[in-house]
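Please read the structure below before turning to the comments.
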Amino acid sequence: MNRADRSGFSDWWWTVDRLALATMLALIAIGLMLAFAASPAASGGPLTEGDFRYAAKQIAFAAIAVGLLGGTSMLAPSQVKLAAALVFALALTGSAVVLFAGTEILGARRWLDLGWMTLQPSEFLKPSFAVLAAAILAERTPTRISKPAITTVLLLPTIAVLLLQPDVGQTFLVLALWAALLFFAGMALKWIWMIGGGSAGLGALAYLLFPHVHHRVAQFLNPEQTGYQAGLSLKAFAHGGLLGVGPGAGTIKYRLPDAHSDFIYAVAGEEFGLALCAVIALLFCVLAVRLLLRSAAAREPFAQLAGAGLAIVVALQAFINMGVAVSLLPAKGMTLPFISYGGSSLFAVALTMGFALALIRRRPQIASRDKPLFAFLSGARA
């Protein structure tokens, strides 16, 4: 841990953003605590005894996620690009395979059944797309085709597989990420507004084509009718009050579908009250602002763009999940990063934040110390 020590771990420790890392670990710890609170409801019911099988699996997922977070945060920027390209190719292929061999749940095909867990490949499209699109936009070499147009080569197949699953929520999250990257890259506002208009048109089309989207939006816009999940979620917050009813004492969670995943924020509100909900929201704010500030201070345009994009996508997903839980947004079926149950969600957000930590590390003399990922193949010495 000595600053003079140039070993790999010591070098990582003194260059990584420890505040951002501590915030991520705190969110993972809160997620494990809430996994124990929600597991009996997910595995049982109001009249049947539940167990802690989901909490046990979440502990295993969290251990893998922490390793993934730490490992990816040690990568050099060039290695981040290579890893993102590999992840994007695998995630896009997996998302296409899901359409034919995936498990169908409530009319959607998004998961591959691996036995001990279900994998959602589309979760890994967001961080890999953010890094690759940022690399294209930050490239200094002139191209015949505009760089924003090149990013659409990545965007179109991503949007296509998401809509075919269908996963409208993730589709608009990727579109928002793309628009944010173009804005940070300096694109004129008129084009950003055009992208926003196109996204609105796509949303209207989804409203007309997908019955579940139509139902959720219509239900949200009707002030006299609250959806079943949204209504129970609001009751959970009201029941919890300021400090909650206590760990394990919640009752509404037994009737709330997806209490351990999409509506884990409501479980936090019932058992630990507004106090824990405020802490969770504050931690996400601290994390997002910290990553954006460190990205803005980065030396390279690629690190600036990719770091900001990765921060935006996690912050926006957290905002959407919490907004749905308190009935400020229509139901989306989107998890709360770091906290919701599920290996795919936890692994993907760990990869996202690992990439971000790797890019915002303060590396002195970075050009002389950044080694290619496969340098050993050419006989280069470390």
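For the sequence shown, this note's numbering begins at 20 and goes up steadily by one. All C-beta atoms in this analysis are idealised placements derived from N, C-alpha and C, irrespective of residue type, glycine included.
Going by C-alpha positions, Q98 is about 10 Å away from S92. Approximately 5 Å separates the beta-carbon atoms of A337 and F303; this is inside 8 Å, confirming the contact. Of the residues L40, G63, T137 and P276, the one whose Cα lies closest to the Cα of A350 is P276.
Here E319 carries a coil assignment [DSSP, helix/strand/coil]. Here the alpha carbon of L310 sits roughly 31 Å from the alpha carbon of L253.
In the displayed model, E68 falls within coil according to three-state DSSP, outside both helix and strand.
Counting along the chain, A127 sits inside the beta strand (DSSP E) bounded by residues A127 to D132.
In the three-state reduction of the DSSP assignment, E289 falls in the helix class, which pools H, G and I. For I379, the enclosing alpha helix (DSSP H) starts and ends at G362 to I379.
Counting C-beta pairs with one atom in each stretch, the stretch 74 to 93 and the stretch 153 to 162 have fewer than three that are closer than 8 Å, which means they do not touch.
Per DSSP, I124 is one residue of the beta strand (DSSP E) stretching across T122 to I124. For the set L181, A375 and V117, the Cα lying nearest the Cα of I331 is the one of A375.
The secondary-structure analysis by DSSP pairs L138 across a beta bridge with L131. Comparing alpha-carbon positions, the option among S141, E142, G121 and V35 lying closest to D132 turns out to be G121. DSSP, reduced to helix, strand and coil, places L94 outside both helices and strands of the structure shown, so it counts as coil. With a contact defined as Cβ atoms closer than 8 Å, T371 and K145 qualify at about 7 Å. M43 sits close to L306, with the two beta carbons spaced by under 8 Å. When the Cα atoms are used, V232 and R380 turn out to be separated by approximately 41 Å.
Take the alpha-carbon of Y247 and the one of I358: they are about 23 Å apart. In terms of CA proximity to T34, R313 leads the group A327, R313, P320 and S364. Under the DSSP assignment, K209 falls in the alpha helix (DSSP H) whose first and last residues are L208 to L228. In this structure, A61 sits near Y73, with a CB-CB distance shorter than 8 Å. Closest by C-alpha distance to L109, out of A237, S147, M136 and F80, is S147.
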